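Student: First to last, the sequence lines map onto chains G and P.
Quick note on numbering: the first sequence equals residues 1 to 169 in the working numbering.
Quick note on numbering: the second sequence equals residues 1 to 102 in the working numbering.
Just so it is clear, CB atoms sit at the ideal spot from N, CA and C, and this is done for glycine as well.
Being a predicted model, the structure only gives us computed values, none of them experimental.
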Amino acid sequence: MPGGDFHPVYFSIVAAWILVAGIGVVASRSVVRAAVSMVLCFLGVAFAFALLNSALLAIVQILIYVGAISVVIIFGIMLTETPAGPRQQFFNRQSVIAAPLVVATAVLVAVILVSGDLLTAGETAVNPGLRQLSSLLFNRYVLPFELVSLVLLAAMIGAIVLARREDRQ
Amino acid sequence: MNAVEWYFVLAALLFCIGAYGVLARRNLIIVVMSLELMLNAVNLALVAVANFVPAAAGRGTLFVLFVITIAAAEVTVGLAIIIANYRNRRTVQADEYHDMKG
């Protein structure tokens, strides 16, 4: 895809893909089916990143979301179990209130975002390139980069400590 | 409508689908999945801005990289908590955690 400008046809295909898969996550009764929809939704977002001219983020999205996070969530499904039953067992009591609230929020956010003046936004893409990105990451943003590694370490240790089976005797 | 605004609308819709999942589903694992949808929606908006707004060119991409990293950490810790709770109570349904008062 040269350029990375706005392609209405590709955009509508990817948008439909993402939204259908997203609804699949929220609406499906089976947890496994929801997980498969989630993987499809992540893939759709990766396609959107590719359409938006960031091949790097598309690859990272597939590696981390489609690869790692999905596997972790599927492990979570494997280690727990959910009873089968009628619809009331899948949606809680506030779901009736949540639906109009969420629709209202969607409309509000979309209207605000669209009516905001992003005057500098053009139809053509600006592509910083991998070299510029990495120099930005390792010079100006090197402190957050290091902090993120600490966060990952803390999360790893925390997850091990939390999920470990405790044998007290 | 502007190109970036189409992506904003898509991101808003995906965000709200995820928000509905967080609010309305009982299964905690599906709640975590919906949280991931919301994070993905925000990432989508950020990448759209990084692509179409010259002033945000490199920074949007870097911000998304950080968000993805933190999201990975969040999923591991969240699922560990869910599994630790499941071991004690034998359920992952959010409504059944009602003995945590006081």
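(1) Rounded to a whole number of angstroms, what is the C-alpha to C-alpha distance between P:Arg90 and G:Val9?
(2) Given P:Asn27, which residues of its chain have a CB within under 8 Å of its CB, disregarding the five upstream and five downstream residues?
(3) Applying the 10 Å Cβ sphere with the 16-neighbour rule, what's the burial state of G:Leu119?
(4) Look up G:Arg140 in the DSSP assignment and say whether it is helix, strand or coil.
(5) Return the first residue and the last residue of the alpha helix (DSSP H) that G:Phe61 is part of.
(6) Less than 9 Å between the C-beta atoms of G:Ile62 and G:Phe42, yes or no?
(7) Whole angstroms are fine: how far does the CA of G:Ser135 sit from the CA of P:Val53?
(8) Consult DSSP for P:Asn85 and reduce its assignment to one of helix, strand or coil.
(9) Can you check DSSP and say which residues form a bridge with G:Phe91?
(10) By the criterion of Cβ-Cβ separation under 7 Å, what are the contact partners of G:Pro144 in chain P?
(11) So, under 8 Å CB-CB, G:Ala159 and P:Ala71 are touching, yes? Tell me the CB distance rounded to an integer number of Å.
(12) Is the CB-CB distance between P:Ala84 and G:Ala155 below 9 Å?
(13) For P:Tyr97 and chain G, any beta-carbon pair shorter than 9 Å?
(14) Which value, in whole angstroms, describes the spacing of the CA atoms of G:Asp5 and P:Phe8?
(15) Tell me the DSSP bridge mates of P:Gln104?
(16) Using a Cβ-Cβ cutoff of 8 Å, what residues of the segment 71-95 of chain P are near chain G? List them in chain order.
(17) Can you tell me where the alpha helix (DSSP H) holding G:Pro170 begins and where it ends?
(18) Could you tell me which of G:Val32, G:Ala163, G:Val39, G:Val45 sits nearest to G:Phe11, measuring between CA atoms?
(19) Taking 9 Å as the threshold (C-beta atoms), are P:Gly18 and P:Glu36 in contact?
(20) So the alpha helix (DSSP H) G:Ala35 belongs to, where does it begin and stop?
(21) Measuring CB to CB, does G:Met38 end up less than 9 Å from G:Ala21?
(22) Straight-line CA distance for P:Pro58 to P:Asn51?
(23) How many whole angstroms separate the CB atoms of P:Arg25 and G:Val26, which I take to be in contact at a CB cut-off of 8 Å?
(24) Cβ atoms of P:Leu23 and G:Ala101: under 9 Å apart, would you say?
(25) List the residues of chain G whose Cβ lies closer than 8 Å to the Cβ of P:Val9, in chain order.
(26) Is the distance from the Cβ of G:Ala98 to the Cβ of P:Tyr20 below 9 Å?
(27) Considering G:Val71, what are the terminal residues of the alpha helix (DSSP H) in which it resides?
Tutor: Straight from the coordinates:
(1) By 1-based counting over the second sequence, the position of residue 90 of chain P is 90. By 1-based counting over the first sequence, the position of residue 9 of chain G is 9. So the alpha carbons of these two residues sit roughly 48 Å apart.
(2) In the second sequence, counting from the first residue as 1, residue 27 of chain P sits at position 27. Val92, Gln93, Ala94.
(3) Against the first sequence, residue 119 of chain G aligns to sequence position 119. Here the model assigns G:Leu119 a pLDDT of 49, short of 50, so the residue's position is not dependable and the matter cannot be decided.
(4) If you number the first sequence from 1, residue 140 of chain G lands on position 140. Of the three classes helix, strand and coil, the one that applies to G:Arg140 here is coil, per DSSP.
(5) Position 61 of the first sequence, counted from the first residue, corresponds to residue 61 of chain G. Reading the sequence as shown, one finds Gln at residue 61 of chain G and not Phe. Element bounds for G:Gln61: 55-61.
(6) Along the first sequence, one-based indexing puts residue 62 of chain G at 62. Along the first sequence, one-based indexing puts residue 42 of chain G at 42. In this structure, G:Ile62 sits near G:Phe42, with a CB-CB distance shorter than 9 Å.
(7) For the purposes of this step, residue 53 of chain P is taken as residue 53 along the second sequence, with counting starting at 1. For the purposes of this step, residue 135 of chain G is taken as residue 135 along the first sequence, with counting starting at 1. Just so you know, the alpha carbons of P:Val53 and G:Ser135 end up roughly 20 Å apart.
(8) Taking the second sequence and counting its residues from 1, one reaches residue 85 of chain P at position 85. Of the three classes helix, strand and coil, the one that applies to P:Asn85 here is helix, per DSSP.
(9) As a position in the first sequence, residue 91 of chain G is number 91, starting the count at 1. Residue pairing by DSSP puts G:Phe91 in a beta bridge opposite P:Arg25.
(10) Indexing the first sequence from 1 puts residue 144 of chain G at position 144. Chain P residues near G:Pro144: Phe66.
(11) For this step, residue 159 of chain G is matched to residue 159 along the first sequence. For this step, residue 71 of chain P is matched to residue 71 along the second sequence. Incorrect: roughly 14 Å between the Cβ atoms, too far for contact.
(12) As a working note, residue 84 of chain P is residue 84 in the second sequence. As a working note, residue 155 of chain G is residue 155 in the first sequence. Contact flag unset, no.
(13) Locating residue 97 of chain P in the second sequence gives position 97, counting from the first residue. With 9 Å as the cut-off, P:Tyr97 does not count as an interface residue toward chain G.
(14) Taking the first sequence and counting its residues from 1, the one referred to as residue 5 of chain G is at position 5. Taking the second sequence and counting its residues from 1, the one referred to as residue 8 of chain P is at position 8. Each residue's alpha carbon lies about 15 Å from the other.
(15) Here chain P comprises residues numbered 1 to 102, so residue 104 of chain P is not present and cannot be evaluated.
(16) Ala71, Ala72, Ala73, Glu74, Val75, Thr76, Val77, Leu79, Ala80, Ile81, Ile82, Ile83, Ala84, Tyr86, Arg87, Val92, Gln93, Ala94, Asp95
(17) The structure shown has nothing for residue 170 of chain G, since chain G only spans 1 to 169.
(18) Within the first sequence, numbered from 1, the residue matching residue 11 of chain G stands at position 11. Closest by alpha carbon: G:Val45.
(19) To locate residue 36 of chain P, count along the second sequence from 1; it is residue 36. To locate residue 18 of chain P, count along the second sequence from 1; it is residue 18. Cβ distance < 9 Å, so P:Glu36 and P:Gly18 count as in contact.
(20) Position 35 of the first sequence holds residue 35 of chain G. Residue range 31-51 is occupied by the alpha helix (DSSP H) that includes G:Ala35.
(21) By one-based count along the first sequence, residue 38 of chain G stands at place 38. By one-based count along the first sequence, residue 21 of chain G stands at place 21. Against a cut-off of 9 Å, the Cβ pair of G:Ala21 and G:Met38 comes out as a contact.
(22) Along the second sequence, read from residue 1 onward, the residue named residue 58 of chain P stands at position 58. Along the second sequence, read from residue 1 onward, the residue named residue 51 of chain P stands at position 51. A quick correction: the sequence has Gly, not Pro, at residue 58 of chain P. Approximately 9 Å, taken between the alpha carbons.
(23) Residue numbering aside, residue 25 of chain P sits at position 25 when the second sequence is read from its first letter. Residue numbering aside, residue 26 of chain G sits at position 26 when the first sequence is read from its first letter. Yes, P:Arg25 and G:Val26 are in contact; Cβ-Cβ is about 7 Å, under 8 Å.
(24) Walking along the first sequence from the start, residue 101 of chain G turns up at place 101. Walking along the second sequence from the start, residue 23 of chain P turns up at place 23. The identity of residue 101 of chain G in the sequence shown is Leu, whereas the question assumes Ala. Yes, they are a contact pair.
(25) The residue you call residue 9 of chain P lines up with position 9 of the second sequence. Going along chain G in sequence order, the residues near P:Val9 (Cβ under 8 Å) are Ala110, Leu113, Val114.
(26) Sequence index remark: in the first sequence, residue 98 of chain G carries index 98 (1-based). Sequence index remark: in the second sequence, residue 20 of chain P carries index 20 (1-based). Yes, these two residues count as a Cβ contact at 9 Å.
(27) Stepping through the first sequence from its first residue, residue 71 of chain G is reached at position 71. Segment 70-79, the alpha helix (DSSP H) holding G:Val71.
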